[in-house]
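Following: one structure in structure tokens, then a few remarks.
In my numbering, the protein residues as written are 33 to 272.
Put into structure tokens, the structure is as follows:
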């Protein structure tokens with residue numbers, strides 16, 4: 033299981049790299065759970081990140097604006113990232129979600145076919161008026177995306193597990209894998225959650241708050257010590 037850590041700037045990225053993160057996921061927490069950062073920051077983080085470490089970026093949340101999201105996807109692709117993450121915040125139907133993610137995927141992969149697209153739904157879908165999270169693997173499959181992801185849309189201390197049971201999450205993972213997709217799980221997860229996420233069979237676990245001082249994704253700062261602790265927990269889970 034790869035450990036994805038989400039820095040907001042170059043300083044945090046360097047700390048995440050030093051701590052042993054597998055994927056450096058550039059985002060802007062001030063603009064939401066999948067808030068987009070500036071292209072010059074993403075590009076600079078890609079430049080300071082060793083070539084053997086993958087870089088991801090988020091392209092924001094633009095409810096039912098596939099043109100804007102496709103253009104954002106193309107812009108992100110030019111920065112040299114390995115993954116582009118698009119959220120389905122506020123999209124109410126399966127058809128709307130498919131159209132948006134298909135547009136994001138087309139824009140990215142026409143520029144660079146090796147870029148992986150992540151379709152991210154929200155475990156707390158009822159709170160953010162968006163599609164059923166269990167539909168995300170099917171949406172990803174229909175749109176030629178590469179990874180089905182779950183996050184939480186509202187960051188108020190509640191985690192992925194407050195909204196979906198372990199059997200529901202297992203079903204999500206199993207469906208996605210049956211389609212040949214990768215699975216990423218996030219959503220205000222803490223270090224105590226990592227063994228369970230690993231046991232579910234996730235390919236990627238995404239964290240920010242757990243890697244920050246004060247466990248605060250907005251006011252805190254990522255430190256290498258926090259990231260190293262998370263890395264050690266994942267490695268222990270892999271040995272069990």
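Backbone N, C-alpha and C define an ideal beta-carbon position, used for all residues, glycine too.
Distance between residue j and residue i (C-alpha atoms, nearest Å)
i, j, result
"residue 120", "residue 253", "27 Å"
"residue 128", "residue 135", "11 Å"
"residue 64", "residue 98", "18 Å"
"residue 177", "residue 112", "18 Å"
"residue 257", "residue 148", "29 Å"
"residue 198", "residue 255", "30 Å"
"residue 212", "residue 236", "15 Å"
"residue 173", "residue 117", "15 Å"
"residue 124", "residue 222", "29 Å"
Under 8 Å between C-beta atoms of residue i and residue j
i, j, result
"residue 171", "residue 182", "no"
"residue 132", "residue 96", "yes"
"residue 250", "residue 233", "no"
"residue 190", "residue 161", "no"
"residue 180", "residue 151", "yes"
"residue 86", "residue 115", "yes"
"residue 226", "residue 266", "yes"
"residue 262", "residue 242", "yes"
"residue 74", "residue 42", "no"
Neighbour-count burial assignment, residue i, 16 or more Cβ in a 10 Å radius
i, result
"residue 69", "buried"
"residue 186", "exposed"
"residue 270", "exposed"
"residue 82", "exposed"
"residue 39", "buried"
"residue 92", "buried"
"residue 105", "buried"
"residue 146", "exposed"
Residue i at chain D interface by Cβ criterion, 8 Å
i, result
"residue 80", "Reference to chain D is not applicable here, since this structure consists of a single protein chain."
Cut-off 6 Å between Cβ atoms - residues of its own chain near residue i, not counting five sequence neighbours on either side
i, result
"residue 195", "155 and 156"
"residue 54", "34 and 35"
"residue 48", "37, 39, 56, 254 and 259"
Own chain partners of residue i with C-beta closer than 8 Å, once the 5 adjacent residues on each side are dropped
i, result
"residue 209", "215 and 233"
"residue 166", "200, 203, 204 and 207"
Cβ neighbours of residue i in the same chain (closer than 7 Å, five flanking residues each side left out)
i, result
"residue 248", "241"
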